[in-house]
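To start, the structure itself, in structure tokens.
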Amino acid sequence: MMGWTMIDEERVRQMTKMAIYEEGEGRQYIPMTQYFRHDYVGKELVKSVIGGTLAFALMCVVYLSFEMENFMDNINQIDLVQFVTGILVKYGIFMAVYLLITYVVYNVRYSDGRRHVKQFYEHLKKVNKIYEQEEK
Numbered sequence: 002m003m004g005w006t007m008i009d010e011e012r013v014r015q016m017t018k019m020a021i022y023e024e025g026e027g028r029q030y031i032p033m034t035q036y037f038r039h040d041y042v043g044k045e046l047v048k049s050v051i052g053g054t055l056a057f058a059l060m061c062v063v064y065l066s067f068e069m070e071n072f073m074d075n076i077n078q079i080d081l082v083q084f085v086t087g088i089l090v091k092y093g094i095f096m097a098v099y100l101l102i103t104y105v106v107y108n109v110r111y112s113d114g115r116r117h118v119k120q121f122y123e124h125l126k127k128v129n130k131i132y133e134q135e136e137k
């Protein structure tokens, strides 16, 4: 009789750990296990291209709004090709840095997530072992 109580307590402990994980960190990590690393990181890079482009455009609008008077005073003297080329080069540099950071961050997150989910599955294996022992 005593052995059954110990096994039941251990099963409850493991199941509690699993439930806490699923309600906490698991919400963040478990969905990423549906993807291979390159798919997960690629999906985040696509989102970052959209977000980075919007952020760069917003920064340009803010900068131009502060420099509007100077811009309007010199509008006839601006070489349009050079102006647009300068903006595109700055956009390219901004996006390269932004996407590199995104790539590194989401690779690390994926690795951490896989490690956490692996721990979750270890608890699941323990619970399955306990059930198998109880059935015997």
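This note's numbering runs 1 ahead of the 1-based position in the sequence shown. By construction, the Cβ of each residue, glycine as well, lies at the ideal position given by its N, Cα and C atoms.
Coil, strand or helix - residue i by DSSP
{"i": "N71", "result": "helix"}
{"i": "Y36", "result": "coil"}
{"i": "I79", "result": "coil"}
{"i": "E26", "result": "coil"}
C-alpha distance - residue i paired with residue j, whole-angstrom precision
{"i": "D80", "j": "E70", "result": "17 Å"}
{"i": "P1", "j": "Q78", "result": "This structure does not reach residue 1, given that the chain is present from 2 up to 137, and the question cannot be answered."}
{"i": "Y142", "j": "V85", "result": "Shown here, the chain extends from 2 to 137; a query on residue 142 therefore has no answer."}
{"i": "Y30", "j": "K130", "result": "24 Å"}
{"i": "V118", "j": "K18", "result": "12 Å"}
{"i": "L125", "j": "R116", "result": "14 Å"}
{"i": "N75", "j": "I88", "result": "17 Å"}
{"i": "F72", "j": "C61", "result": "13 Å"}
8 Å contact criterion, which residue i and residue j should meet: CB distance rounded
{"i": "Y92", "j": "R38", "result": "Incorrect: roughly 28 Å between the Cβ atoms, too far for contact."}
{"i": "V42", "j": "Y107", "result": "5 Å"}
{"i": "G53", "j": "M96", "result": "5 Å"}
Below 8 Å, can you find three or more Cβ-Cβ pairs linking the segment 94-106 to the segment 45-52?
-> yes
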